[in-house]
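J.: Quick one: this structure, given as structure tokens, is what I'll be asking you about.
Numbering (my numbering), first residue to last: 2 to 400.
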């Protein structure tokens with residue numbers, strides 16, 4: 002019997018880790034993106050794997066969407082999971098006690114799920130303070146170009162106040178939060194808004210992470226895959242954008258070579274990138290290689306300090322699947338080598354406006370596919386209906 006994996010899109014996982022509860026209920030917007038983009042794993046799962054769908058209506062719309070690529074995937078409903086005994090492993094977006102509890106409820110045997118100890122390890126390594134340990138350790142693994150000031154743990158209101166007052170610009174981060182969430186900016190004044198925000202984080206999570214403010218020029222990431230047996234391998238580059246609040250917006254759809262060229266144009270040397278990549282393979286193999294299986298991303302940035310560009314080698318570690326890896330795999334599998342474009346995730350409070358925009362883009366930039374590879378055009382990676390609020394889309398050959 003062929004063994005097959007079951008993929009699940011649970012983007013609320015970061016919030017579930019922060020909460021820690023087995024019966025955590027995500028806020029409405031987090032539940033909305035989880036529903037609207039449920040079939041996203043279809044684009045990075047294996048050809049014979051399963052992907053979880055929320056209901057029969059969504060499955061029908063997803064199957065119609067995929068037919069134009071000649072794909073006929075196995076989309077399962079939660080109540081159907083227990084009928085498929087050939088499921089060999091579960092591949093969620095990320096692991097938390099909540100998703101483990103949910104999978105148990107759906108009939109998945111505990112042998113396919115992480116133990117309590119593994120979940121505790123994952124929570125510890127998902128804490129933003131891990132960047133302090135990573136940055137300190139990179140030197141031991143052969144990479145020495147570390148930022149001039151490391152992040153610091155702030156465990157009391159007085160420490161937060163002093164940190165903010167001692168620099169004209171600072172960044173404060175909650176230890177655990179959703180991607181692009183849990184961030185606040187200090188501007189030299191410990192005002193009421195910052196006091197309330199930081200005190201809330203201190204009460205719930207025990208500390209705030211304080212960092213210097215960097216004049217960011219470009220966001221990018223190195224992606225890796227851990228096999229859970231001690232080996233971590235490089236999986237590609239991610240060149241992405243965020244909004245002013247740090248919330249994810251888009252990824253460049255291009256080859257690794259083109260993304261690397263974009264990074265090197267800021268004066269970063271190729272040998273630096275090679276040294277950093279090797280250092281991470283060794284460091285991550287030691288740090289997570291024996292208990293974590295799956296993709297992970299290390300967010301980095303190019304920043305300007307006194308007119309000179311520098312590489313920040315670890316802004317954050319995402320110990321889970323991420324949109325940059327989705328973009329990497331989608332490009333490699335489905336886009337012509339000579340084409341470039343962008344991958345976006347956008348949100349519309351008014352679903353009617355999203356439907357209108359979807360129709361307009363389909364008309365203006367029809368998808369052109371040749372021999373299973375996209376040459377040009379617009380495409381939504383998940384069904385758009387009159388009730389959809391979130392969309393993952395690609396635009397190839399944008400002008």
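The beta-carbon is built from N, C-alpha and C at its ideal position, and this holds for glycine as well. Computed from a prediction, not measured in an experiment: that's the story for all the values here.
Look at residue 100 and residue 7 and say whether their C-beta atoms are less than 7 Å apart.
T.: Not a contact, by the Cβ cut-off of 7 Å.
J.: So what's residue 153 in DSSP terms, helix, strand or just coil?
T.: In this structure, residue 153 counts as strand in the three-state DSSP scheme.
J.: Classify residue 265 as helix, strand or coil using the three-state DSSP reduction.
T.: If DSSP states are grouped into helix, strand and coil, residue 265 belongs with the helices.
J.: Is it the case that the Cβ atoms of residue 208 and residue 156 are separated by a distance below 7 Å?
T.: Result yes, Cβ atoms of residue 208 and residue 156 sit closer than 7 Å.
J.: Closest by CA to residue 93, which one among 284, 216, 321 and 264?
T.: Here the closest residue by C-alpha is 321.
J.: Taking 6 Å as the cut-off, does the CB of residue 168 come closer than this to any heavy atom belonging to the ligand GDP?
T.: Absent from the structure shown: the ligand GDP. Ligands present: none.
J.: Which parts of the stretch 311-338 are runs of the beta strand (DSSP E), unbroken and 3 residues or longer, counting only runs that do not cross its ends?
T.: None, since the stretch 311-338 contains no complete beta strand (DSSP E) of that length.
J.: For residue 333, which residues of its own chain have a beta-carbon under 6 Å away from its beta-carbon, when the five flanking residues on both sides are left out?
T.: Cβ within range, chain order: n/a, list empty.
J.: To the nearest angstrom, how far is it from the Cα of residue 63 to the Cα of residue 210?
T.: If I take the Cα positions, the gap works out to 41 Å.
J.: Could you tell me the alpha carbon to alpha carbon distance between residue 162 and residue 168, rounded to whole angstroms?
T.: Going from the Cα of residue 162 to the Cα of residue 168 covers about 11 Å.
J.: Are the beta-carbon atoms belonging to residue 159 and residue 233 less than 7 Å from one another?
T.: No, the Cβ-Cβ distance between residue 159 and residue 233 is not below 7 Å.
J.: What's the C-alpha gap between residue 145 and residue 139?
T.: Going by the C-alpha atoms only, they are around 7 Å apart.
J.: Hey, is the stretch 21-31 in contact with the stretch 215-222, meaning 3+ C-beta pairs nearer than 8 Å?
T.: With the cut-off at 8 Å, the stretch 21-31 and the stretch 215-222 do not touch.
J.: Within this structure, are the beta carbons of residue 143 and residue 165 separated by less than 7 Å?
T.: Their beta carbons are not under 7 Å apart, which means residue 143 does not touch residue 165 by this criterion.
J.: So, helix, strand or coil for residue 223, using DSSP?
T.: The answer is strand: DSSP assigns residue 223 an E or B state.
J.: Provide the residue span of the beta strand (DSSP E) that contains residue 190, from first to last.
T.: Taken as a continuous stretch (DSSP letters only), residue 190 belongs to no beta strand (DSSP E), as it is neither H nor E.
J.: Just confirm the distance between the C-beta atoms of residue 412 and residue 57, as a whole number of angstroms; I'd bet it's less than 8 Å.
T.: Not covered by the structure: residue 412. The range shown for the chain is 2 to 400.
J.: Using a 10 Å radius around the Cβ and a threshold of 16 neighbouring Cβ atoms, would you call residue 309 buried or exposed?
T.: It is exposed - the Cβ of residue 309 has fewer than 16 other Cβ atoms within 10 Å.
J.: Determine the burial state of residue 240: buried for a count of at least 16 other Cβ atoms within 10 Å of its Cβ, exposed for fewer.
T.: Flag for residue 240 reads buried.
J.: Taking residue 16 as the reference, which of 319, 305 and 256 has the closest Cα?
T.: Among 319, 305 and 256, the Cα nearest to that of residue 16 is on 319.
J.: Check for me: the alpha helix (DSSP H) holding residue 29 runs from which residue to which?
T.: From DSSP, the alpha helix (DSSP H) with residue 29 extends over 29-37.
J.: How about residue 292 and residue 122: are their beta carbons less than 7 Å apart?
T.: Yes, the pair counts as a contact, with Cβ atoms nearer than the cut-off.
J.: From what residue to what residue does the beta strand (DSSP E) around residue 302 run?
T.: Residue 302 -> beta strand (DSSP E) spans 294-306.
J.: Buried or exposed for residue 174, going by 16 or more other Cβ atoms inside 10 Å?
T.: Under this definition residue 174 is a buried residue.
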